[in-house]
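S.K.: Going by the numbering used here, 40 is the number at position 25 of the sequence shown; the sequence numbering is gapless.
We put the CB at the ideal spot given by N, CA and C, even for glycine.
Predicted model only: the values in this text are computed from it and were never measured.
Dumping the structure here so I can ask a few things about it.
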Amino acid sequence: MAPTRPTLYPSPLIGWREDVRLPELTGGVIVAKIDTGARTAALHADNITIKGKRVLFVLDLDGRKHTMDVPIFGVKRIKSSSGHSEVRVVIETTLEIGNHNFKAEVTLTDRGDMGVPMLLGRNTIKGRFLVNPGRSFLISRKKKLK
Numbered sequence: 016m017a018p019t020r021p022t023l024y025p026s027p028l029i030g031w032r033e034d035v036r037l038p039e040l041t042g043g044v045i046v047a048k049i050d051t052g053a054r055t056a057a058l059h060a061d062n063i064t065i066k067g068k069r070v071l072f073v074l075d076l077d078g079r080k081h082t083m084d085v086p087i088f089g090v091k092r093i094k095s096s097s098g099h100s101e102v103r104v105v106i107e108t109t110l111e112i113g114n115h116n117f118k119a120e121v122t123l124t125d126r127g128d129m130g131v132p133m134l135l136g137r138n139t140i141k142g143r144f145l146v147n148p149g150r151s152f153l154i155s156r157k158k159k160l161k
């Protein structure tokens with residue numbers, strides 16, 4: 016067995032899926048896939064419209080549609096694993112996973128056919144969490160008492 020690496024500040028462990036909240040946008044829970052192969056975070060949004068330095072879009076949470084109007088943080092060209100390239104609007108917002116809160120850059124795109132509405136890439140979780148790819152919802156859901 017290989018020796019463990021000593022650390023002063025152990026990172027919390029998350030699963031390959033976690034519940035995420037975006038408190039600056041809406042109080043609802045979004046299931047996010049943790050993808051260390053992706054660089055950025057991506058959020059499913061409908062009706063993305065740029066109005067000057069702001070972006071309007073619709074989030075569908077729990078069957079309710081929430082219209083958002085937030086400042087544009089930037090624009091990024093994202094290349095998918097299939098080689099398809101897309102220019103996406105970037106927003107900056109607070110992410111909440113379990114009791115961990117931090118600012119993150121999130122791109123807006125149509126993830127309707129992806130299975131989960133949000134993806135968290137390695138730049139979003141780097142230095143904050145370790146990922147257990149065999150488990151889900153390690154810090155975002157309460158354990159049931161037996």
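1. Quick test of the definition: if touching needs 3 or more C-beta pairs under 8 angstroms, does the stretch 57-71 touch the stretch 82-91?
2. What are the residues that DSSP puts in a beta bridge with S26?
3. What number of angstroms, rounded off, separates the C-alpha of L8 from the C-alpha of A119?
4. What is the DSSP secondary structure of R54, reduced to helix, strand or coil?
5. Less than 6 angstroms between C-beta atoms, sequence neighbours within five positions excluded: which residues of the same chain meet that for H81?
6. Rank L28, N114, I45, P148 by C-alpha distance to the C-alpha of V131 and give the top, closest one.
7. What's the C-alpha gap between F152 and E101?
8. How many angstroms separate the CA atom of P27 from the CA atom of F144?
9. Expressed to the nearest angstrom, what Euclidean distance is found between the alpha-carbon atoms of D34 and K91?
10. The beta strand (DSSP E) spanning N147 covers which residue range?
11. If you run the structure through DSSP and keep just helix, strand and coil, what is N62?
M.R.: Quick answer:
1. yes
2. Answer is none; S26 lacks a bridge partner.
3. The chain is shown only over 16 to 161; residue 8 falls outside these bounds and no answer can be derived.
4. coil
5. T41, L74
6. I45
7. 30 angstroms
8. 5 angstroms
9. 25 angstroms
10. 145-147
11. strand
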